[in-house]
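Below: one structure, written as structure tokens.
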DNA sequence: CGGATTTGACCGGCGC
DNA sequence: GCGCCGGTCAAATCCG
């Protein structure tokens, strides 16, 4: 029964979950990362997240207590930028220095009204090139940048 | 001018 | 009970 107690996740959890490790690219991809389309991940029924294409592994955590039934996903990315444009609009609401990690952690929230999705981004302790991103909650709305649902005449993003 | 950032303060949970 | 630690608030500020 005590196993559910500590299923919170640590950075170390990512290290043992290589999903696609062959996707190693030089740091030069930093700029193009923003424009890259995302992968839709549905590890749990009813849950859906948009991940960048070059993620290297992810962890899905089941929430407990009040938020029981909801899920949280964390993934690890090799990137020199922390803020990745995943199509949603994020409003930053906090920054915190975490123990055991010299790099600060950033807290974001979806700007959409009524959308309580949260996102937290932190750089890995040792390897500065790795970024850990965590999504929490479900979106109230569709991805505004989802190309499939865009009106036929409009193309604000991805237009080279 | 309206909305996003910034940044320290505040607060609640947990472990000792 | 107290202090550490992580998460959020909110006021000032910035920026397009």
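In my numbering, the protein residues as written are 621 to 780. In this text, a Cβ means the ideal position worked out from N, Cα and C, and glycines have one as well.
Please classify residue i: does DSSP put it in a helix, a strand, or coil?
i           : result
residue 737 : coil
residue 673 : coil
residue 707 : coil
residue 722 : coil
residue 694 : strand
residue 732 : coil
residue 714 : strand
residue 682 : strand
residue 641 : Residue placement at residue 641 is poorly supported in this model, since its pLDDT is 40, which falls under 50; the coordinates are not used for a value here.
residue 780 : Reliability of the predicted coordinates at residue 780 is poor, the pLDDT of 43 falling under 50, and the value obtained from them is presented with this limitation in mind. Coil at residue 780, not helix or strand.
Would you say residue i and residue j are within 7 Å of each other, going by their C-beta atoms?
i           : j           : result
residue 723 : residue 743 : yes
residue 572 : residue 732 : Only positions 621 to 780 of the chain appear in this structure, which leaves residue 572 out of reach.
residue 725 : residue 740 : yes
residue 714 : residue 738 : no
With residue i as the anchor, note down where its beta strand (DSSP E) starts and where it stops.
i           : result
residue 808 : The displayed coordinates of the chain run from 621 to 780. Any statement about residue 808 would go beyond what the structure contains.
residue 746 : Here residue 746 belongs to no beta strand (DSSP E), and DSSP marks it neither H nor E.
CB-CB under 6 Å to residue i, same chain, minus the five flanking residues each way: which ones, in chain order?
i           : result
residue 690 : 683
residue 711 : 729 and 731
residue 709 : 731
residue 749 : 698
residue 717 : 724
residue 661 : 669 and 671
Got a sec? Which residues, its chain only, sit under 8 Å from residue i by beta carbon, not counting five neighbours each side?
i           : result
residue 755 : 669, 692, 693, 694, 737, 738 and 739
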